[in-house]
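Following this note's numbering, the numbering of the sequence shown begins with 2 at its first residue and continues without gaps. Glycine included, each C-beta is placed from N, C-alpha and C at the ideal position.
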Amino acid sequence: MKYLLLTAFLCSSLFSIQNSDKLFECTQIFNERKNELLVELERIDEQKQALNALKTATEELLKQKEAKLSLKEEEVNAKLEQISEKEKKIKAMLEKDAQILKELKSTKMNKISQTFAKMKAGAAANVLSDMDEKEAATILQSLKPKVVGKILTKMDPKKASKLTQLLAK
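Shown next as structure tokens:
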């Protein structure tokens, strides 16, 4: 029986040595894998830091671009406002110039009308016959109807007819 116990003890010792070797191998594999994972984790951490640095730099660049864009936008708005003011001034000047031109034409027409009103009907008819029909009609419109009638009777009938048609329009 001692023999049997001794054999059982030896077998269990051998089995435990084998288990111990397997346990040592597993621990060694786990340690190696742990080291690999630590290296990988360190590499991921470095990439994360690089990504954060890139993100920060990109955000800063974006802020600078937005600031420049905002500044340019303000400049454009200021220029647009200046242009609008100048446009308003120009429109006002054009209206004023148009009014002055209208007054000048009116004054000129009044003087011409007064001149033709003071002329004898025959002389006025000769001058108006030689003028452009539209200009002659404009002058006749500014005269009193009685004077127009006298002038038209002294004119060539064809010319008087054309001028009368223009006056009727």
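- Your pair residue 156 and residue 129 checks out as a contact, with CB atoms roughly 7 Å apart and the cut at 8 Å.
- Assignment of residue 156 by DSSP, reduced to helix, strand and coil, places it in the coil class.
- DSSP, reduced to helix, strand and coil, places residue 94 within a helical segment of the structure shown.
- Per DSSP, reduced to three states, the secondary structure at residue 131 is helical.
- Sequence-distant Cβ neighbours of residue 111 in its own chain, meaning closer than 8 Å and more than five residues away, are 143.
- Inter-residue distance for residue 115 and residue 133 is about 19 Å (C-alpha atoms, whole angstroms).
- Contact between the segment 98-111 and the segment 68-83 is not established, with fewer than three Cβ pairs separated by less than 8 Å.
- Close CB contacts of residue 55 within its chain, under the 7 Å cut and outside five residues either way in sequence, are absent.
- A buried status is given to residue 117, since no fewer than 16 other beta-carbon atoms sit within 10 Å of its beta-carbon.
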